[in-house]
Amino acid sequence: MAAPTTIDLAAALITAPVPIGHWLAILPVAHCITLGAVLLMLRNHPRLQAWLAISGLAALALIDAALLAKVSAEGPLTMVMGRWLPPFGIAFTVDLLGALMAFTAALVALAAGIYALADIGESGRRYGFFPLLMLLMAGVTGAFLTGDVFNLYVWFEVLLISSFGLIILGSERQQIDGALKYAVLNLIATTLFLIGVGILYAAFGTLNMADIAARAKDLRGTAPLMTLASLFLLAFGMKAAAFPVNFWLPAAYHTPRIVVSALFAGLLTKVGIYALIRVMVMLLPVERQELSLVIALAAAATIVVGALGALAENDIRRLFGYVVISGIGNMLAGVALGGPSGGPSGDIDGVSGAVFYALHSMVLMTALYLAAGEIARRGGGLLLSELGGLYRQSGAFAALSLVLFLAACGLPPFSGFWPKVILVKAALDLGDWWLAAAILVGGFLTTIAFGRLFLLAYWRPASVELMPFEARWRAGLPLAALTALTIGFGILPEQLLALSRSAAAGLADPAAYLHSVFPGGAR
Amino acid sequence: MEPLLAILVGLFFAAAIYLMLSKFTIRIMLGIAILGNAVNLLLFTGGRLTRGVPPIIPAGLETLPAGTANPLPQALILTAIVISFSFLAFLLVLTYRAYQDLGTDDTSEMRAAEPDDRPLPPLGY
């Protein structure tokens, strides 16, 4: 090999200083890790720790809001670590999808952090609830913002190890049981993802997402891209709890503290869906097209199985677990339907429906689990067979719960309605009437499940007289704020609709993403 | 060299899957340990496999000499080893704790979170 004697290192190294604005891409993650470490040091000061954590989460929401504003105004943003330019250096590339998900995640975490003041006692704080929460957010945010596939794997592991710590907080028998199943199955899923990463590197020789997206068309036909796509589908499907690999979720999500369940339901499965959208829609679009029937079948099965499971449950938290699964099915349906359908309403497409549904579901599922915590405190339990009289006790709480229930069923005028409209429309445009039917039947069955929940827990007279309940702002404020978001998205969906549409458009045509990573043009 | 390692990786995967299908948690853990090693070897095989040429740029040259292995997969493996090792340690402690608390290591009897006799929701009131 005739090695060149001189190499232009300027082509591979960053020589100009990074613009101040680009630091926003890495700031949320750095903020979370630093604050997590500081909170760990403050574990002997539970009060101080809690307030620092909550102001830190509020700051995280502000940073993510600034990032979202910048990305939606100026297009994707790239920051590279270690002075090496991509594809050698690890890049954080933030596009509209990542920024939207990260901002919503920060809002959800802030609400959960405030609720934790009421839900997590001093021993839970000493065992590290708040540091683990910050590290979980570091993992979640890192996964949303990174532009490198191996880095995505690392953030998955960061959020996984923090979630292990959170799920066993309290060390009750059933928590240990649930945690074991959760831990083993999620670890297997990330290992499957790592297998995919290994084969991906062997085939492409690069791990940078933009580089992969640019090169996939040259390698099609020579590299095992279908194998890769199937592996990623299985791994992320397992993370997101899609149909054949979903049974770890109802086995585990009802065991931890309420606020931990709420965080998990709001964030963790959506990270799986995000990764699925990123890899299948942006990196391997042709393979997604070929697999779309498989994804659609899995989506329809997930929707129906989730809704039927919700119908058969007596424990409210397990019922909500099945509702989470059913929602995942709707997002998968969006991934199966894919980009612009070319139908009469050209810009309505499955991916934007999936993005909208994911954002709605992050807020709603967290709110539902927080409401379950309030049901348990007011009614003294979570079993439908024993609850009753909640409406008589507090009409305001009943109204708030009803809003959340209707949003989860996808009834107007709440936030669940619009993504379902988009998905059904996209499915009908493509002629997948059975997928549209599955979405509608799933919504119908969920409505029955929630109707019965409301009937039994709220309208039925209580078997024992319920004590008048003193509402606490620490629990009521986050619940009310998340409910207000749900109503807001339902009544004024245009903004979010436009944002998720342009996020989906950015995935279908990643030219701006590529340009942000390789300003000089892809290699 | 690659075919040999490919066969080894295949054997590792087969053993790992066999063990993970077991009902006993300790066997599942052993399966996970083997699975982690199988994936590390897979990553390793994904880079070039050559003997005795360290991926170090000699003085006077500016690129690697021909025939060196790709060092990046080895960096990836290093990360993956650290992660899978720490996870395995956590899982082993969790398994032991589960064995203490639940009194069994048979997954079909681990039903503390999902008891067998859960009632159906009431049909009316």
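Protein chains in written order, with my numbering: chain A, 375 to 897; chain B, 173 to 297. Cβ atoms here follow ideal geometry from the backbone N, Cα and C, with glycine treated the same way. From a predicted model like this one, the values you see are computed outputs, not experimental measurements.
Query, Result
"For L215 (chain B) versus I249 (chain B), is the C-beta spacing smaller than 8 Å?", "yes"
"So which residues on chain B does I569 (chain A) lean against when the C-beta distance must stay under 7 Å?", "V211, L214"
"Quick one: what's got a C-beta closer than 6 Å to S719 (chain A)'s C-beta in the same chain, skipping five residues either side?", "Unreliable positioning characterises S719 (chain A) in this predicted model, as indicated by a pLDDT of 49, which lies under 50. The coordinate reading is nonetheless provided below. The answer is none, since no qualifying residue turns up."
"Tell me the DSSP secondary structure of P378 (chain A) in three-state form.", "Low confidence applies here, because P378 (chain A) scores a pLDDT of 49, under 50, leaving its location unreliable and the question unanswered by this model."
"Below 8 Å between beta carbons: does that hold for Y696 (chain A) and Y765 (chain A)?", "no"
"May I ask you to report which of helix, strand or coil DSSP gives A625 (chain A)?", "helix"
"From the DSSP output, in three-state form, read off V468 (chain A) for me.", "strand"
"Can you tell which of B:F262, B:L244, B:G275, B:R283 has its C-alpha closest to the C-alpha of N212 (chain B)?", "B:L244"
"When the cut-off is 8 Å and only beta carbons count, does G224 (chain B) lie next to chain A?", "no"
"Of all the options B:D289, B:S256, B:G275, which has the alpha carbon lying nearest to the alpha carbon of R547 (chain A)?", "B:G275"
"Just mark N418 (chain A) as buried or exposed, buried being the case when its beta carbon has 16 or more other beta carbons within 10 Å.", "exposed"
"Can you check whether the C-beta of I189 (chain B) is within less than 8 Å of a C-beta belonging to chain A?", "no"
"Count Cβ pairs between the stretch 566-583 of chain A and the stretch 599-613 of chain A that sit closer than 8 Å; are there 3 or more?", "yes"
"Check the C-beta distance from S890 (chain A) over to L442 (chain A) and give it rounded, since I have them as a contact under 8 Å.", "About 16 Å; that fails the 8 Å criterion."
"Where does V454 (chain A) sit, in a helix, a strand or coil, going by DSSP?", "strand"
"If P852 (chain A) sits next to Y489 (chain A), beta carbons under 8 Å apart, how far is it from one beta carbon to the other, in whole angstroms?", "5 Å"
"Going along chain B, which residues have a C-beta under 7 Å from T820 (chain A)?", "Here the premise fails: no neighbours, minimum Cβ distance about 14 Å."
"When you compare the CB of D382 (chain A) with every CB in chain B, is at least one pair closer than 8 Å?", "no"
"Alpha helix (DSSP H) containing T860 (chain A): first to last residue?", "847-865"
"Please name the residue or residues paired with A597 (chain A) in a DSSP beta bridge.", "A:R594"
"Which whole runs of the alpha helix (DSSP H) in the stretch 461-537 of chain A are 4 residues long or more, in chain order?", "470-493, 496-500, 503-519"
"Does F730 (chain A) come out as helix, strand or coil in the three-state DSSP assignment?", "helix"
"Any idea if G716 (chain A) is buried or exposed, counting beta-carbon neighbours within 10 angstroms, 16 or more meaning buried?", "Confidence is the limiting factor: at G716 (chain A) the pLDDT is only 48, short of 50, which leaves the residue's position unreliable, though a coordinate-based value still follows. Exposed, by the Cβ-count rule."
"As a quick exercise: from A:T676, A:F694, A:V698, A:G747, pick the residue whose alpha carbon is nearest that of A710 (chain A).", "A:T676"
"Using a Cβ cut-off of 8 Å (strictly closer), state whether Y268 (chain B) contacts chain A.", "no"
"If you compare alpha carbons, which of A:L533, A:L484, A:A517 is closest to M583 (chain A)?", "A:A517"
"Determine, for A386 (chain A), whether the minimum Cβ-Cβ distance to residues of chain B falls below 8 Å.", "no"
"Three-state secondary structure (DSSP) at D278 (chain B)?", "strand"
"Since A178 (chain B) meets chain A, which of its residues come closer than 8 Å, beta carbon to beta carbon?", "Ordered by position in chain A, no residue passes the 8 Å Cβ test against A178 (chain B), which lies about 11 Å from the chain."
"Helix, strand or coil: how does DSSP classify F638 (chain A) here?", "helix"
"Using a C-beta to C-beta distance shorter than 7 Å, which residues of chain A count as neighbours of D273 (chain B)?", "R547, I550"
"Got a sec: is the Cβ-Cβ distance from I228 (chain B) to anything in chain A below 8 Å?", "no"
"In angstroms with no decimal places, state the Cα-to-Cα distance between A399 (chain A) and L526 (chain A).", "15 Å"
"Determine whether the beta carbon atoms of T564 (chain A) and L608 (chain A) lie at a separation below 8 Å.", "no"
"Among residues of its own chain, excluding the 5 on either side of S545 (chain A), which ones have a beta-carbon nearer than 8 Å to its beta-carbon?", "none"
"Name the chain A residues whose beta carbon is nearer than 8 Å to that of R290 (chain B)?", "N688, D689"
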